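This report refers to the structure that appears directly beneath it.
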Amino acid sequence: MKLINIKHPSEEVSFSEAVLQGLGRDQGLFFPLCFEPLDDVEGLLQEEFVQRSVAVLKHLVGDEVSEATMHRMVSSAFNFPIQAPALDERIRALELFHGPSLAFKDFGARFMANCVSEFHDGGPMTILTATSGDTGAAVAHAYFGQPGINVVILYPRGRISPLQEKLFCTLGGNVHTIAVDSDFDTCQQLVKQSFEDPELKQGLGLNSANSINIARLLAQVCYYFEAGAVVADIGNTAFCVPSGNFGNVTAGLIARTIGLAYKRIIAATNVNDTVPRFLESGHWDPNPTVTTITNAMDISLPNNFPRVLELGERHGLPLEKLLTSLSLDDNETREAMRALYARGYLADPHTALAWAALERSLVEDEGGVFLCTAHPAKFLEVIEETLGIEMPLPPELEAVKDKKVLSSTISGDFESLKRELVSG
Ligand SMILES: *Cc1c(COP(=O)(O)O)cnc(C)c1O
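As C-alpha cells, then:
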C-alpha cells in the first residue's frame, strides 16, 4: 500500500511507515494513493466477521503484511462480538461497543496496537494521543503492559464522564494520563505540536494513536461490511454515524470506495456543527467548541475531514450524493434517549443522537443502520438523569469505579506539556 501526505502529495510512504510515523510533514494526514475495488463483495459478505475482515484488510494493505500475519493481528484485535439487533422493519442498530473499553474505538485501537508492535524496531516509543473520552480507554487497554511502549493520554479535565475517566486513568504501569485544563481541540493541538518538536519527537519516539493514524481507520472499514452482511438490501441502506473527528465516517466512505454499495451515509453531529454548516454553505467556519452530553463529539475542528474531501477529489467518490450531515442539540438527544427507551432499547447519548438523525433523514422505502458507538453504562449519569432509572454497571466498569484516578493535571499550553513529558 502506498500512502501520500495529503498536504504534500510528493511525500510517499508505505503502510508500516504511515503507522509508525502517524503524521506527515506539516502535520499532514497520510491517505492511500489509490483504492482497488474488491473482486467478490457478495462472496465476502457470506463469510464470518474475522475471516472477512482479514480479507478486507489484506486487500487494503497489500503485500506488506502476509496473510498469516494479518490473520494473527486481526483475530487477536477483533476478539469480541458485534451485535446488530433490528429495532423495527426498517432500522437496525450496529452495536460496536462490546470490546474491553465499551466503545467502537476498540476496533481501531486494538488493530493499530497490533500493527505498531509488529512494525516497531525496538527503540524507545511513546504513544501520544488526545481523547475526548473513548479513544483514551481503547488505546490504554490496547497497549497496557506491552513491553517497550509508553502511552501518554491527554484529555480535557472535567469534560469526560467520570466512568470514562476511571476506565483508563486508573491503570498505571506504562499508561500515563494527563488532565488538561482546556477543551479537546486544545489537547489535539498539543499532540500535533509535540510532533513538530524534534526534541520530543525523536527523544521519546513519538507516535500518535489518534484517528489520524491510518491503521485505526482501516480497521473500522470492517464493521461496515458486517452491516452489509446482516441487512436485507445494502443497496437501499443508509448508514447514520454519530460524528466528532469524522474517522468513523471516513471509514464508511472507504468501505463504499472499495465496493460496499450502500445507498448513502449520514454524519450526525451535536451542536458542534462545523461540518453540517460546511456542507450546507461551502464555508469552513468553526465556532468555539461547546460542551454537550455527547462529549465524545465535542469537536469543532474535525481532524479527519480532509480525508473525506480527498475521497471526493482524488478518489472520485460522489460525496454530494452520498454524504449528508445534520446536527441535533442536547434536548433532541435526550428526547431520542427517551423515545428509544420507551421502545425497549437503552442507548447511550451518542447512539441515541444517531438514531434520531436517521429517523429524521430516512425517506419512504429506505432501510437504515445507526452505529452504536458506546455502551450506555459509560454515560451512566446522563442516562439515569434523563430516563429516571437506575442502571447496573457491567463488570468492566464495576471493576474500576472505586479506583483512584492517577492523572496529573497541566494547563493548556505547550510548555507545560513538554515539561510533563520530559520529566515523566
Ligand atoms: C469517538 C466517538 C464518536 C465520534 O467518532 P469519530 O470517528 O471521531 O467521528 C462518537 N461516539 C462515541 C461514543 C465516541 O467515542
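So for the sequence shown, this note's numbering puts the first residue at 1137; every next one is plus one.
Just so you know, even glycine gets a beta-carbon here, dropped at the ideal spot from N, CA and C.
Just so it is clear, the structure is predicted and the values come from calculations on it, not from any experiment.
- The stretch 1149–1162 and the stretch 1349–1361 touch, with three or more beta-carbon pairs separated by less than 8 Å.
- If you draw a straight line from the Cα of Gly1269 to the Cα of Ala1483, it comes to about 17 Å.
- With the rule of 3 Cβ pairs closer than 8 Å, the stretch 1315–1334 counts as touching the stretch 1260–1276.
- For Arg1295, no beta strand (DSSP E) encloses it, and the DSSP letter there is neither H nor E.
- Within the DSSP bridge table, the entry for Glu1231 names Gln1219 and Cys1508 as partners.
- By the neighbour-count criterion, in which a residue is buried when 16 or more other Cβ atoms sit within 10 angstroms of its Cβ, Ser1463 is buried.
- Note on geometry: alpha-carbon atoms of Ile1429 and Asn1467 lie some 10 Å from one another.
- Within the stretch 1366–1415, the complete alpha helix (DSSP H) segments at least 4 residues long are 1383–1393, listed from N- to C-terminus.
- Gln1324 sits buried, since 16 or more C-beta atoms from the chains shown fall within 10 Å of its C-beta.
- Three or more Cβ pairs closer than 8 Å define a contact, and the stretch 1519–1531 falls short of that threshold against the stretch 1300–1308.
- In chain order, Pro1236 and Ser1237 place their CB closer than 6 Å to the CB of His1277, counting only its own chain and leaving out the 5 sequence neighbours on each side.
- Here Asn1141 is bridged, per DSSP, to Phe1166.
- Here the alpha carbons of Ala1478 and Ser1436 stand approximately 32 Å from one another.
- For Ala1432, the distance from the CB to the nearest heavy atom of ligand 1 is below 6 Å.
- Spatial neighbours of Arg1474 in its own chain (CB-CB distance under 8 Å, excluding positions within 5 residues in sequence) are listed in chain order as Thr1522 and Leu1523.
- In the DSSP secondary-structure assignment, Glu1148 is bridged to Ile1140.
- Counting the other Cβ atoms within 10 Å of the Cβ of Glu1362 gives 16 or more, which makes it buried.
- Using a Cβ distance threshold of 7 Å, Glu1446 and Ile1142 count as a contacting pair.
- In this chain, the beta strand (DSSP E) harbouring Ile1314 covers Val1311 to Asp1317.
- For the pair of segments examined, the stretch 1325–1332 was found to touch the stretch 1547–1554: the number of CB pairs separated by less than 8 Å reaches three.
- If you ignore the 5 residues before and after Ile1370, its C-beta comes within less than 6 Å of the C-beta of Gly1364 and Tyr1398, all in its own chain and listed in chain order.
- With respect to the C-alpha of Lys1138, the residue from Gly1179, Glu1534 and Asp1199 having the closest C-alpha is Asp1199.
- Apart from sequence neighbours up to five positions away, the residues of its chain that approach Ile1314 with a beta-carbon distance below 8 Å are Val1288, Ile1289, Leu1290, Tyr1291, Ser1543, Ser1544, Thr1545, Ile1546, Leu1553 and Glu1556, ordered along the chain.
- C-alpha of Asp1465 to C-alpha of Gly1258: approximately 47 Å in a straight line.
- Taking C-beta separations shorter than 7 Å and ignoring five residues to either side along the sequence, the partners of Ser1152 in its chain run Glu1200 and Phe1255, following chain order.
- Distance from the CA atom of Thr1393 to the CA atom of Leu1180, rounded to whole angstroms, is 16 Å.
- Beta-bridge partners assigned by DSSP to Val1197: none are found.
- Taking each of Leu1193, Val1186 and Gln1163 in turn and checking the Cα distance to Glu1172, the smallest one comes out for Leu1193.
- With a beta-carbon spacing of about 7 Å, Phe1375 and Leu1507 fall inside the 8 Å limit used to define contacts.
- Exclusion of the five residues before and after Val1197 leaves Met1137, Phe1151, Met1206 and Leu1354 as the residues of its chain whose Cβ lies within less than 8 Å of its Cβ.
- Listed as beta-bridge partners of Ile1289 by DSSP are Thr1265 and Thr1313.
- Between Thr1262 and Val1275, the beta carbon gap of about 12 Å keeps them out of contact (Cβ cut-off 8 Å).
- In the assembly as shown, Trp1491 is a buried residue. Its beta-carbon has 16 or more other beta-carbons within 10 Å.
- Taking the Cα of Tyr1279 as reference, the smallest distance to any Cα among Lys1539, Leu1299 and Ser1253 is reached at Ser1253.
- Counted as a single uninterrupted DSSP element, the beta strand (DSSP E) harbouring Ser1544 occupies residues Ser1544 to Ser1547.
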